[in-house]
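> Here it is: the structure, laid out below.
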Amino acid sequence: MNYKDTLLMPTTLFEMKANLNTKEPTIQQEWLTTNLVHQILTKNKKHHQFILHDGPPYANGNLHVGHSLNKILKDFIVRYYTNKGYYAPWICGWDTHGLPIESAVVNSGVDRKATPPGEFREICKQYALNQINNQINQFSRLGLLTDFNDKYVTLDLDYEISQLELFKTMVEKNLVYRYLKPVYWSPTSESALAEAEIEYEDVTTPSIYVTFKVINGNKHLAVNSKIIIWTTTPWTIPMNQLLAVGEKISYSVVKVAGQEYVVASDLLATVSATIGWTDYHVVKEISGKDLVGIETEHAWNPKLISKVVAGHHVTTDSGTGIVHIASGFGEDDYLIAKANGVEIYAPLDDQGKYSAEINDPSLVGVFYEDANKIIGQKLEHTGHLLKLKFIKHRQGIDWRTKKPIIYRATAQWFVSIEKLKPQLLKEIKKVNWNPEWAQKRMLDMIANRDDWCISRQRLWGVPIIAFYDENNTPQVSLELIDHVLKLFKQEQTTNIWFTWSADQLLPAAYQHQGWRKEQDIMDVWFDSGVSNLAVIKNRHLSYPVDVYLEGNDQFRGWFNSSLITAVIDNNHAPYKTVLSHGFVNDEKGRKMSKSLGNTISPLDIVDEYGSDILRMWVASVDYTDDVKIGPEIIKQCAESYRKIRNTLRFILANLSDFNVDKDYTDQLAEVDLYTLHLTQQFKKKVDNAYEDYNFNNVYILINNFVINTLSKFYLDFIKDILYIEKAKAPRRRAVQSTLYHIYRTLIDVLKPLLPHTVEEAHRFINYDHKAPSVHLEPEHEIPVVVNDNLIAKWDKVLKLRDDVNKELEVQREAKAITKSLACQLTIHFQPDYQELQDIEDLHQIFIVSEIIFTNNKEGLTPYPTSYLKVQEKVGLKCARCWMIVDQLSENNEICQRCFDVLYK
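Using my numbering, the letters of the sequence shown correspond one by one to residues 25 to 928.
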């Protein structure tokens with residue numbers, strides 16, 4: 025007889041090979057066909073809300089791996105709380121206005137300046153919508169729990185109206201003003217930029233030491249002495265207006281070859297070495313305040329005077345301790361000029377070229393960087409240049425064009441942040457920031473933040489509802505805003521701002537008076553910043569929302585703008601918790617770039633492995649820091665997935681003949697109860713990790729549970745019960761009942777991480793009233809309470825098991841034994857472990873053929889729990905269960921236990 029045929033071997037159609045890349049699209053299509061997201065939201069509609077507010081990615085280009093990290097992290101959260109029964113609609117959004125789309129349209133061959141504004145804006149709109157559809161198709165492959173038909177888009181009229189309503193509120197609160205002051209300016213984009221739109225790179229640029237000759241001195245400094253300045257922006261020398269000194273800084277008057285120079289005493293050694301002075305002596309030292317009021321001849325234009333003033337920002341960290349002031353090209357320069365009644369002067373046009381206002385034919389029309397050489401040569405020719413030296417330093421660049429930016433004074437619209445700072449800082453302290461250091465980062469950013477420049481010199485965006493009267497005075501009022509908003513609603517578009525005349529947009533009382541309309545649009549950070557109002561509050565979802573989660577570059581971006589707009593609107597932060605994640609680097613920790621050839625497309629990973637493997641990677645990393653990804657890392661995640669999948673397959677295969685409603689029993693053995701206790705504890709820890717947004721710990725807990733609690737313990741020894749006993753044997757049904765609870769618990773913790781895999785597995789489990797989708801199933805509760813005495817007892821069993829396994833391994837390495845099942849185990853317990861002797865079938869749990877308990881520890885190996893001896897059991901091997909027994913049954917082939925299973 026072939027006894028193998030009598031075993032109840034596991035069977036299931038849940039395949040060992042995942043083939044996720046082919047199965048997932050089918051599963052996703054089923055979700056769409058059945059409108060699963062709507063079913064889930066309907067089921068939870070009357071429950072407590074949990075709202076994660078989605079920061080809008082820009083509607084341009086294909087997804088990169090950073091997108092997938094961000095969206096999958098959010099999906100973990102939404103799926104977890106959904107499974108907990110919360111009403112958790114995830115409304116994805118897109119940022120659609122601004123320069124990148126304008127540039128893409130222009131690069132496609134559209135001439136922005138020759139195309140009528142309304143037509144150009146319509147082209148931009150269609151481009152943005154096409155990009156959104158492309159990104160939706162790509163995002164959909166990640167298996168996200170969202171309805172992409174229910175999204176928010178910043179170009180939608182309702183959204184734009186909400187944005188302009190907030191603008192009206194700001195006007196009403198006297199927070200909006202127009203002013204000439206330096207802002208970040210991108211000559212290549214021809215627009216002001218937000219701080220969040222600036223990146224930095226290392227560059228080498230010229231720096232120069234320049235002299236200004238004293239023409240009106242005082243008792244401390246004689247006429248014809250020369251004051252030395254140092255600047256890293258030679259192109260600003262023609263715009264010099266003042267020289268700034270530190271009033272409390274000590275300055276040396278130094279004589280070199282009969283000429284007296286002035287430089288900060290602390291910097292004299294450095295300056296002299298750089299310039300090349302080998303023979304100089306200090307005539308005297310004077311304080312900075314003694315220099316204030318002295319007049320010098322302008323280094324570029326000898327017809328002008330450059331006066332020495334006190335500067336709050338002057339230090340002796342570098343340079344000469346004297347700073348040249350060009351009011352239109354620096355924040356401190358601007359403040360010092362204003363304090364001294366000097367007119368703001370910024371003779372560069374939008375493209376960074378000198379305008380006619382510079383009043384110098386050699387510079388008019390020259391790009392500012394190209395002027396460095398012209399200026400250096402002239403200063404050398406006139407004897408003002410002491411030294412030119414190239415230095416390496418960090419320089420701001422436009423995040424889109426990757427070209428340098430400058431500070432440039434232009435007339436812009438601003439929101440007063442100073443008035444809001446006390447409330448902003450107060451609200452930041454109420455928020456749960458993760459990581460914890462993020463709170464200080466946000467506090468510092470707001471505390472040091474200047475007023476918000478909300479105007480941009482572009483065409484594709486939300487208009488700023490403001491006019492200029494016949495005297496060119498800005499006019500912005502609630503009356504004007506309300507009138508234009510009414511027109512936008514009537515015409516169902518904001519395009520009329522760009523296609524109608526000012527008179528057509530103005531109320532009758534203001535028409536035909538020579539007024540003109542504002543041409544600037546709003547900062548796109550203002551667009552996205554109002555999403556907490558335009559999306560969450562307008563949909564009457566719980567507010568403030570539970571979570572914001574974005575990249576750590578958003579502290580100066582969306583986290584920042586959202587906080588400001590919310591405080592303006594309702595005096596509260598828009599979020600309860602803010603999470604931030606790092607950037608994605610390659611396996612070596614290098615930033616991904618096309619030049620290095622190390623970029624990885626998330627869709628390539630999905631096409632090869634499946635999105636559940638990509639999701640495993642997201643769960644495996646510490647997202648609060650920069651993370652790594654690459655082929656080897658993905659392979660490791662695939663291996664971890666394989667272990668989880670095989671565990672699910674083992675359980676499903678051994679439940680194939682088990683129907684919960686018919687076969688379930690609560691008559692469980694102690695080891696079953698203890699294992700369910702471990703499962704409950706595991707579930708509790710995983711829930712805590714999910715709620716702490718610690719998905720890396722979720723990943724670790726699941727892997728440890730699958731490997732240690734299940735594969736190496738419970739699932740290992742129950743094979744002897746599942747395969748050997750009769751199908752309906754009480755002990756076998758008890759094990760299957762335990763497996764059912766383990767399976768349902770595993771599915772619950774895996775739902776957020778591996779939504780496709782758990783959906784596939786759901787098809788192969790039998791119980792009445794099973795939901796058509798696993799994601800419609802309520803969270804499973806294990807109806808078992810295990811007493812403390814049993815837990816303490818079985819904790820000891822696991823410790824004993826560890827010692828037994830160590831001794832088995834020792835004997836296996838010594839080649840004294842082969843398989844543990846063929847062994848005899850002799851145990852002498854330590855005093856605290858004596859009670860374990862009474863456990864029935866302990867040999868089965870340790871997977872040995874026999875256990876002998878003894879009071880004699882001689883010849884046994886000591887361990888913390890016991891003294892142990894392992895040896896091959898002498899006896900007869902059962903042809904069915906392979907146990908070594910003292911005697912076989914009456915057929916002389918199998919043991920009595922197997923004989924009873926087959927014939928009684």
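For each residue, glycine too, the CB sits at the ideal point set by N, CA and C.
(1) Per the DSSP calculation, residue 412 is bridged to which residue(s)?
(2) Give the range of the alpha helix (DSSP H) segment to which residue 470 is assigned.
(3) How far does the alpha helix (DSSP H) with residue 521 in it extend, from its first residue to its last?
(4) Apart from the five residues just before and just after residue 463, which ones in its own chain have a Cβ nearer than 6 Å to its Cβ?
(5) From what residue to what residue does the beta strand (DSSP E) around residue 433 run?
(6) Please state whether the Cβ-Cβ distance between residue 447 and residue 591 is less than 7 Å.
(7) Identify, in the order they occur along the chain, each residue of the same chain with its Cβ nearer than 7 Å to the Cβ of residue 615, setting aside the five sequence neighbours on each side.
(8) Give the single residue among 459, 136, 400 and 105 whose Cα lies nearest to the Cα of residue 235.
(9) On the three-state DSSP scale, how would you describe residue 417?
(10) Determine the extent of the beta strand (DSSP E) in which residue 848 is found, giving its start and end residues.
(11) Restricting to Cα atoms, I'd like to know which of 878, 814, 489 and 690 is closest to residue 193.
(12) When we look at the beta-carbon of residue 796 and count the other beta-carbons within 10 Å, is it buried (16 or more) or exposed?
(13) Under 8 Å Cβ to Cβ from residue 540, same chain only, skipping five residues before and after it: list those, please.
(14) Helix, strand or coil: which one does DSSP assign to residue 10?
(15) Please go through the same chain and pick out, in chain order, the residues whose beta-carbon is closer than 8 Å to the beta-carbon of residue 467, but skip the five residues on each side of it.
(16) Tell me, please, whether the stretch 572-587 touches the stretch 553-560 by the rule of three or more beta-carbon pairs shorter than 8 Å.
(17) Do residue 199 and residue 208 have their CB atoms nearer than 7 Å?
(18) Going by beta carbon distance, what residues of the same chain come within less than 6 Å of residue 257, once the five residues before and after it are set aside?
(19) Does the Cβ of residue 98 have 16 or more other Cβ atoms within 10 Å, making it buried, or fewer, making it exposed?
(20) Between the stretch 860-874 and the stretch 905-920, do three or more beta carbon pairs fall short of 8 Å?
(21) Measuring CB to CB, does residue 32 end up less than 7 Å from residue 747?
(22) At which residue ranges does the stretch 303-352 contain complete beta strand (DSSP E) runs of 3 or more residues, listed in the order of the chain?
(23) Is it right to say residue 121 is buried, meaning 16 or more other beta carbons lie within 10 angstroms of its own, or is it exposed?
(24) Does DSSP classify residue 609 as helix, strand or coil?
(25) Would you kindly report the start and end of the unbroken alpha helix (DSSP H) that includes residue 920?
(26) Please specify which runs of the alpha helix (DSSP H), each continuous and at least 4 residues long, are wholly inside the stretch 783-824, giving them in chain order.
(27) Take the Cβ of residue 640 as the centre, count every other Cβ of all protein chains shown within 10 Å, and call the residue buried at 16 or more, exposed below.
(28) For the 8 Å Cβ check, are there 3 or more pairs between the stretch 124-134 and the stretch 500-513?
(29) Which residues in the same chain have their Cβ closer than 7 Å to the Cβ of residue 6, if we skip the five residues on either side of it in sequence?
(30) Given a cut-off of 7 Å, decide if residue 144 and residue 719 are closer than it, judged by their beta-carbon atoms.
(31) Over the uninterrupted beta strand (DSSP E) stretch that includes residue 877, give me the two end residues.
(32) Tell me, which residues are paired with residue 939 by DSSP?
(33) Give me the residue from 310, 266 and 396 with the minimum Cα distance to residue 366.
(34) Work out the CA separation of residue 649 and residue 92 for me, nearest whole Å.
(35) Hey, out of 303, 690, 338 and 298, whose CA is closest to residue 269's CA?
(36) In chain order, what residues of the same chain have a beta carbon less than 6 Å from the beta carbon of residue 783, not counting five sequence neighbours either side?
On the basis of the data shown:
(1) 232
(2) 461-471
(3) DSSP places residue 521 inside the alpha helix (DSSP H), whose first and last residues are 520-523.
(4) Contacts found: 457.
(5) 430-439
(6) yes
(7) 609
(8) 400
(9) Residue 417: strand per DSSP, three-state reduction.
(10) Its beta strand (DSSP E) spans residues 847-853.
(11) Taking only the C-alpha atoms, the option nearest residue 193 is 489.
(12) exposed
(13) Sequence-distant partners of residue 540 (beyond 5 residues in either direction) whose C-beta falls short of 8 Å from its own C-beta, in its chain, are 491, 492 and 526.
(14) For the chain, the structure presents residues 25 to 928; residue 10 sits outside this window and is missing.
(15) Once the five neighbours on either side are set aside, the close Cβ partners of residue 467 are 449, 452 and 453.
(16) Judged by Cβ distances under 8 Å, the stretch 572-587 makes contact with the stretch 553-560, as three or more pairs qualify.
(17) no
(18) none
(19) Burial of residue 98 is indicated by the presence of at least 16 other C-beta atoms within 10 angstroms of its C-beta.
(20) By the C-beta criterion, the stretch 860-874 is judged to be in contact with the stretch 905-920, since at least 3 inter-stretch pairs fall below 8 Å.
(21) yes
(22) 305-311, 319-321, 329-334 and 346-349
(23) buried
(24) strand
(25) 920-927
(26) none
(27) buried
(28) no
(29) As displayed, the chain neither begins before 25 nor continues past 928, which places residue 6 out of reach and without an answer.
(30) Taking the C-beta atoms as reference points, residue 144 is found no nearer than 7 Å to residue 719.
(31) 874-877
(32) An answer regarding residue 939 cannot be provided, because it is not within the stretch 25 to 928 covered by the chain.
(33) 266
(34) Approximately 16 Å, taken between the alpha carbons.
(35) 338
(36) Same-chain partners within the cutoff: 51 and 798.
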